[in-house]
Each structure stands twice: as structure tokens, then as C-alpha cells.
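In what follows, a structure is listed as C-alpha cells, so that the remarks can point back to it.
Numbering (full-length UniProt numbering), first residue to last: 1 to 332.
See the structure below:
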């Protein structure tokens with residue numbers, strides 16, 4: 001599989017250390033979780049992930065394990081993301097938001113970092129592919145799909161699965177602009193799939209307005225009134241469109257999208273030398289204290305700490321990748 005410059009983490013150390021190493025890696029790379037091995041078999045795992053703009057694709061190959069995310073861990077750090085999970089081998093049981101789903105090969109399920117959950121893989125080899133993306137990229141109604149089985153064998157689900165397979169094989173060969181395009185296509189496919197499952201298609205006007213907002217997020221003059229004027233509708237009509245579609249206010253939607261762009265920039269290696277206040281200003285946040293307060297409220301930490309933690313996690317993962325050759329292969 002050509003993952004290019006993706007990060008690789010493999011685990012096959014002393015038995016008592018395996019789960020602790022794996023838990024630390026997942027908690028730093030994705031979000032804090034707790035792991036437990038319910039079987040007597042040794043634990044082995046391989047994790048690869050690749051950043052595609054706002055989207056992260058990861059492949060997890062492991063023996064059976066239980067993954068838990070509690071309210072305490074959510075308070076510790078919540079990146080406000082969804083993970084669309086495609087099971088390729090084995091079976092997974094997932095419980096979240098009062099719903100329970102058992103998923104086998106070729107099926108999808110959705111989970112979120114924002115609510116407690118428990119996922120358990122059956123004993124034996126389990127292989128899954130996960131697409132992680134901001135919750136703000138989809139309407140809040142999509143929360144109703146968390147913990148519900150989603151078919152990957154029909155229409156949009158089948159197209160998404162095939163496209164994901166192609167991306168996994170060739171994304172490492174793509175340039176940065178091409179990866180950004182791939183990210184948008186994946187998000188569009190996921191949005192189409194979730195819209196079909198929810199059964200409430202987004203209106204063409206709302207889609208057009210969302211696109212307009214994305215194009216003007218860096219403009220401090222972007223307001224609900226300027227959006228309404230650009231689309232020749234009343235301010236009241238604009239607010240009703242957003243309320244009917246996902247329960248967001250227009251201002252809250254703009255704020256969340258701007259914060260997400262700031263978060264992406266803070267994690268971007270190419271922007272490591274850019275000051276935090278410059279990143280905030282680029283996306284319409286002109287007051288430093290206000291931006292820091294909003295960022296902390298959304299992501300659970302100030303922007304400086306987030307940037308530091310992301311770089312620490314990336315350094316640790318790269319270190320693990322360099323040490324891979326020194327880890328014995330359990331098959332030998």
C-alpha cells in the first residue's frame with residue numbers, strides 16, 4: 001500500500017507494555033481513549049494514518065481489543081470529530097448514544113469523539129479503515145447516525161468505499177493541492193452518504209451558502225447580513241434556513257468553520273513559523289484574547305498548547321516509525 005509520507009506505528013513489545021504504548025499512541029494521534037484486552041491472546045497491532053487537509057485516513061490492523069472513551073476523557077480533550085469506520089476483516093461491536101451496532105466486513109458505522117463510547121473487536125485479526133473529519137463539516141442531524149449500521153454495498157456507500165480504496169493506494173503519490181482536492185471529494189461523498197441515511201437532503205440554497213461562507217472565511221466583513229445580501233434573501237430567511245437544516249445559527253456556523261481553519265493551520269508543518277495571532281487574524285479573529293477563549297472552549301486547550309501537543313504527538317509517531325525496524329515481527 002503506497003501511503004507515501006504517512007505515519008506508521010507498530011507494536012510488538014513486551015506483553016505488559018503493549019496496551020500502554022498503544023493507548024498512548026491513539027490518545028495522542030486521535031483523542032484520549034482507554035484500552036483493554038479481554039482475551040488471552042497476545043496483542044499485536046499496526047496503525048497507519050495520513051493527513052489530507054481537514055481529513056485524516058487511518059488503517060488499523062490488530063488483534064481483538066476493547067476501546068472506551070469516557071466523560072472524563074472527553075473533558076480532557078475533545079477535538080469535535082466524527083470517525084466513519086469501514087470494517088474490512090473481523091467484527092466490531094460499537095455502543096454510543098444509547099445505540100448498539102454489530103458490524104462485519106464491508107459495513108460502515110459512525111462514531112464521534114463528543115460522546116462516550118465503547119468499541120470492541122472480536123478475537124482474532126481485525127482490520128478497519130477510518131476517515132476522521134470535523135463534526136462542523138456536517139449538519140447536527142448526522143448525530144442520529146452514530147451507532148447505526150451503514151451499508152457500504154449500495155449507491156453512495158459503495159462509491160465511497162471504492163474511492164477510499166483508491167485513495168489509500170495512491171494518496172502518497174499526490175501533491176499537496178491534489179490531497180486538498182481528495183479531502184473535499186471525500187467529505188462530499190460522506191455528506192451525500194449521511195444525507196441519504198438521515199433522509200433530509202440539504203437544500204441547494206444552503207449548499208450554495210455554505211460554499212460562499214467557506215470562500216469568505218478569511219474576510220472579517222463576513223456577517224449574516226452580507227451573506228443574505230449576496231444571495232438576495234432576507235436575514236430572517238437566512239436564519240430560518242440554518243435552523244431548519246441543522247440547528248446552527250449562522251454566526252455559530254461561521255465561528256466554528258473559522259476555528260477549524262485555525263486548528264488546521266496550527267497543525268500544519270508548513271506554517272510552524274507563523275505566529276498564532278497571525279493565524280487567527282487570517283481567519284477573521286482580530287482580538288487575541290477573544291480568539292484564545294473561543295479556541296479553548298471548543299478544543300479544550302489554548303491554541304499554543306494545541307500546537308505544542310500536536311507537534312509532540314507528530315514527533316513521537318515519527319520516532320516510532322524510525323524504530324519500526326527494531327521491533328520483532330510476530331510472524332517470524
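In this text, a Cβ means the ideal position worked out from N, Cα and C, and glycines have one as well.
Distance from the Cα of residue 225 is smallest, within the candidate group 249, 244, 207, 204, for 249.
Looking at the DSSP output, residue 108 shares a beta bridge with 86, 150.
Rounded to whole angstroms, residue 59 and residue 48 show a C-alpha spacing of 5 angstroms. The beta-bridge partner set that DSSP reports for residue 93 consists of 102, 120.
Within the segment 243 to 309, the complete alpha helix (DSSP H) segments of 4 residues or longer fall at 250 to 266, 276 to 282, 288 to 299, listed in chain order. Annotation: residue 29 to residue 78 spans about 12 angstroms, alpha carbon to alpha carbon. Apart from sequence neighbours up to five positions away, the residues of its chain that approach residue 192 with a beta-carbon distance below 7 angstroms are 156, ordered along the chain.
Across the structure, residue 310 and residue 273 are spaced so that their CA atoms are roughly 15 angstroms apart.
DSSP places residue 130 in the strand class (E or B) of the three-state scheme.
Per DSSP, the beta bridge partners of residue 36 are 66. Collapsing the DSSP output to three states places residue 179 in a helix. Beta-bridge partners of residue 173 (DSSP): none assigned. Under the DSSP assignment, residue 214 falls in the alpha helix (DSSP H) whose first and last residues are 204 to 215. For residue 103, the closest C-alpha among the options 91, 95, 114 is that of 91. Cα atoms of residue 129 and residue 215: separation of roughly 30 angstroms, rounded to the nearest angstrom. Here the C-alpha atom of residue 55 lies approximately 8 angstroms from the C-alpha atom of residue 187.
Taking C-alpha positions only, residue 195 is separated from residue 145 by approximately 10 angstroms. DSSP places residue 125 in no alpha helix (DSSP H); its state is neither H nor E. Bounds of any alpha helix (DSSP H) do not take in residue 233, whose DSSP letter is neither H nor E. Around the CB of residue 263, 16 or more other CB atoms lie within 10 Å, so the residue is classed as buried. In the structure shown, residue 138 falls within a coil segment according to DSSP collapsed to helix, strand and coil.
Per the coordinates, the alpha-carbon of residue 106 lies some 15 angstroms from the alpha-carbon of residue 61. Using a Cβ distance threshold of 8 angstroms, residue 254 and residue 266 do not count as a contacting pair.
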